[in-house]
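Notes to accompany the following structure.
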DNA sequence: TCTTTTACTTAGTAGTTTTTTT
DNA sequence: AAAAAAACTACTAAGTAAAAGA
């Protein structure tokens, strides 16, 4: 959508919102959100559909009970989904196997169903090898062939990957339908292994403006529906068969629509900054409320604020992995220690959060919180809700009363951004080199990632690269020891000779030792950093929680080129912030 | 009021590409 | 030139929260 400010000024080309930020036009943000209109014109080509199934060549067989069985096309396709995954841990899990086998049988013909009765008599190894070979063949392609593939992908991107929104060409985030396959949930998912159906045009709803060129469905097909709803931002949608949820085709984060939304998000978090002290004293007071619900709300909010926990919506049991957030914590997820690690009133939290990532923390809390937790746990069993009187809806309703637009997740954004700003202030020294400043930035980023519990699997190559680094350190230590010995000799030499030559030799040795010690120091901090970061994912907070204006301002203030902090994609995503933030920006 | 649906943000993984080291 | 490491991208699952429906 064209910026209303620019429209009013008759500026049709480049949005000048950024440079005109000092001009006050109260109300235009509100005006936008009130009627909920997201665009006036929207045109696109519809999603690009996953290629249809390519049957296995004649030489590749599936065996049942040792005998080759020629499968129908539909059954064969599903068999290849499993065959491809054979070396993955997933296929060893019983739930995965059962879900797969039951869904696979539904795709079989009656005769196939009569033959194929047990998964353990199925032999997919030829199918597996076929795909392994295929991957290897693709990897072995010549430079020219690879280039050609790349160009084809680019062509596709150009044709389907962009839309026109209010006259601007905008990049689409996901323009391809998800291909069929076996569902891979995260953690202990009850539906892992189920067949994820192929999406057909008949499943897809198109959203575009009435007067635009309506996208053509693939030959011989029709759209489920074409609608024109300008109060939503999606271009196409379909219902997925595993969870029965809706999937959307949406714009890329670089688009203006997404950028403005992102900006808005940080503005809400900045408003929280203005009232957070008051909110904190409020929930402290509520720890002593006579109303149990109020107390639970106050303690939950304390967790959300202090520990950056997620809200914790309720979820349907048995439909997803058993994970929790703040409001859905159960008694089994916390332990109370009157005293631990030399602190009083220690709470240990241990639960699986989003994506089944473990949250483990042992933290001293204020006495009333501790007492309340004891109270909330009284006469409950492990599986009971800790905050039994509280839901995310009631919590958010309360927050809404405290500040317009305030919800539980705003606290995560606020605390993340504030932490970055504080850490940058504490760690950055103006006289440092650019490299050292970037190291400080990453440390600040890491503090946030740890706060938000953003984890990653230890990289596969970690052990080896750590070993190499240790080897380097050992070698450097040896060099230092040698340099020390030489320095000692040089000192003795100079002492007895006392001439210029021996002095300059001595000074040379001194400088060498100094240099080597510095190198050793750098290597060992590198090793510490590496060890401490191996399970920490920085990207999530950088992309979703840290107001980019903080980083932009920091770059400007300390002469760090912004490209060293944000790559090209990220700079496109944060274009609004790059435009807007001066070196004096404060979150 | 309670439940379900909808829309959108946040999340980690796997595969690919680029850069650095050897 | 090859190998290793780091950076980046695509993908899609899993959250949040508000609106709609019963």
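Residue numbers (the numbering used here): -16 to 570.
Note that the Cβ used here is the ideal one computed from N, Cα and C, for glycine as well.
Here the structure is a predicted model, which is why all the values come from computation and not from measurement.
When you compare only the Cα positions, how much space is there between residue i and residue j?
| i | j | result |
| --- | --- | --- |
| residue 590 | residue 568 | Not covered by the structure: residue 590. The range shown for the chain is -16 to 570. |
| residue 571 | residue 114 | Here the chain covers residues -16 to 570 and nothing more, so residue 571 does not appear. |
| residue 454 | residue 76 | 39 Å |
| residue 475 | residue 459 | 24 Å |
| residue 351 | residue 315 | 21 Å |
| residue 342 | residue 51 | 48 Å |
| residue 380 | residue 553 | 34 Å |
| residue 367 | residue 71 | 35 Å |
| residue 336 | residue 306 | 5 Å |
| residue 550 | residue 539 | 16 Å |
| residue 238 | residue 56 | 41 Å |
| residue 100 | residue 514 | 49 Å |
| residue 9 | residue 534 | Because the pLDDT of residue 9 is 30, which lies under 50, any placement of that residue in the model is unreliable, and the number read from its coordinates should be weighed accordingly. Going by the C-alpha atoms only, they are around 27 Å apart. |
| residue 309 | residue 532 | 29 Å |
| residue 87 | residue 107 | 13 Å |
| residue 555 | residue 109 | 45 Å |
| residue 45 | residue 24 | 51 Å |
| residue 140 | residue 33 | 14 Å |
| residue 42 | residue 58 | 17 Å |
| residue 36 | residue 164 | 11 Å |
| residue 320 | residue 389 | 33 Å |
| residue 373 | residue 198 | 47 Å |
| residue 16 | residue 247 | A caution first: residue 16 carries a pLDDT of 47, below 50, which makes its placement in the model unreliable, though a value can still be read off. So the alpha carbons of these two residues sit roughly 10 Å apart. |
| residue 129 | residue 118 | 13 Å |
| residue 11 | residue 261 | Summary for residue 11: the model assigns pLDDT 29, below 50, so the residue's position carries little reliability, and this model does not support an answer. |
| residue 375 | residue 365 | 21 Å |
| residue 178 | residue 61 | 8 Å |
| residue 397 | residue 136 | 39 Å |
Please name the residue, chosen from the options, that lies closest to residue i on a Cα-to-Cα basis.
| i | options | result |
| --- | --- | --- |
| residue 73 | 152, 176, 42 and 146 | 176 |
| residue 547 | 505, 425, 491 and 402 | 425 |
| residue 68 | 145, 49 and 167 | 167 |
| residue 156 | 162, 165, 295 and 146 | 146 |
| residue 471 | 457, 352, 458 and 496 | 496 |
| residue 82 | 172, 93, 109 and 130 | 172 |
| residue 416 | 318, 427 and 543 | 543 |
| residue 267 | 487, 133 and 279 | 279 |
| residue 205 | 182, 192, 134 and 35 | 182 |
| residue 230 | 160, 198, 418 and 62 | 160 |
| residue 358 | 291, 318, 102 and 566 | 318 |
| residue 345 | 322, 387 and 363 | 322 |
| residue 541 | 423, 451, 294 and 437 | 423 |
| residue 289 | 393, 199 and 257 | 393 |
| residue 448 | 31, 413, 510 and 262 | 510 |
| residue 277 | 382, 244 and 413 | 382 |
| residue 174 | 247, 84 and 153 | 84 |
| residue 526 | 294, 560 and 255 | 560 |
Per DSSP, which residues does residue i bridge with? Please list them.
| i | result |
| --- | --- |
| residue 318 | 331 |
| residue 47 | 50 and 105 |
| residue 26 | 147 |
| residue 178 | 165 |
| residue 188 | 208 and 220 |
| residue 344 | 332 |
| residue 417 | Paired residue(s): none; residue 417 is not in a bridge. |
| residue 31 | 159 |
| residue 229 | 222 |
| residue 438 | 519 |
| residue 457 | Looking at the DSSP assignment, residue 457 forms no beta bridge with any residue, so it has no partner. |
| residue 470 | For residue 470, which the question treats as bridged, DSSP gives no partner whatsoever. |
| residue 86 | Looking at the DSSP assignment, residue 86 forms no beta bridge with any residue, so it has no partner. |
Are the beta-carbon atoms of residue i and residue j separated by less than 7 Å?
| i | j | result |
| --- | --- | --- |
| residue 507 | residue 432 | no |
| residue 465 | residue 492 | no |
| residue 207 | residue 188 | yes |
| residue 227 | residue 180 | no |
| residue 216 | residue 19 | no |
| residue 339 | residue 283 | no |
| residue 530 | residue 557 | no |
| residue 104 | residue 47 | yes |
| residue 27 | residue 292 | no |
| residue 212 | residue 190 | yes |
| residue 473 | residue 489 | yes |
| residue 148 | residue 22 | yes |
| residue 386 | residue 259 | no |
Assuming the contact rule is C-beta atoms closer than 8 Å, residue i and residue j should be a hit. Round their C-beta distance to whole Å, please.
| i | j | result |
| --- | --- | --- |
| residue 571 | residue 329 | Past the boundaries of the shown model lies residue 571; the chain is included only from -16 to 570, so the question cannot be answered. |
| residue 395 | residue 520 | The Cβ separation is near 15 Å, so there is no contact. |
| residue 403 | residue 427 | 5 Å |
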